[in-house]
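Novice: First, the structure itself, so that you have it in front of you.
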Amino acid sequence: MAFAKAPTIQKHRTHESDTGSPQVQIAILTDRINYLTDHFRKHAKDHHGRRGLLMMVGRRKRLLSYLRRIDVEQYRKIVADLGLRA
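Residue numbers for the sequence shown follow the working numbering, so the first one is 11 and each next one is one higher.
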């Protein structure tokens, strides 16, 4: 992968050892989705990779839905920070 997870985790974590909260998972998935989106601009025929991208988008959607149900304020904060759902 062309990106590092550590800065993303550090920015969105809720406590010192947090690596799996929904906010962190959403941020990491968003980084991976953005990376793959750029990849597909260069490699349009990579259909196998496109399926992986669609699965990541679905997972992020489910995590966002979960976070919205559990904590609306954190949901709004992560959406604003990542620039999702303008």
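By construction, the Cβ of each residue, glycine as well, lies at the ideal position given by its N, Cα and C atoms.
Please classify Gln-20 as buried or exposed, where buried requires at least 16 neighbouring CB atoms within 10 angstroms.
Specialist: Label assigned to Gln-20: exposed.
Novice: Using 8 angstroms as the Cβ pair cut-off and three pairs as the minimum, do the segment 20-38 and the segment 57-73 touch?
Specialist: Segments in contact, yes.
Novice: If you follow the alpha helix (DSSP H) that Phe-13 is in, where does it begin and where does it stop?
Specialist: Segment: none, Phe-13 is in no alpha helix (DSSP H) and carries neither H nor E.
Novice: Can you look up Ser-75 in the DSSP assignment and give me helix, strand or coil?
Specialist: Helix at Ser-75.
Novice: For Thr-18 and Asp-48, which I take to be in contact (beta-carbon distance under 8 angstroms), what is that distance rounded to the nearest angstrom?
Specialist: Actually they are not in contact, since the Cβ atoms of Thr-18 and Asp-48 sit about 16 angstroms apart, beyond 8 angstroms.
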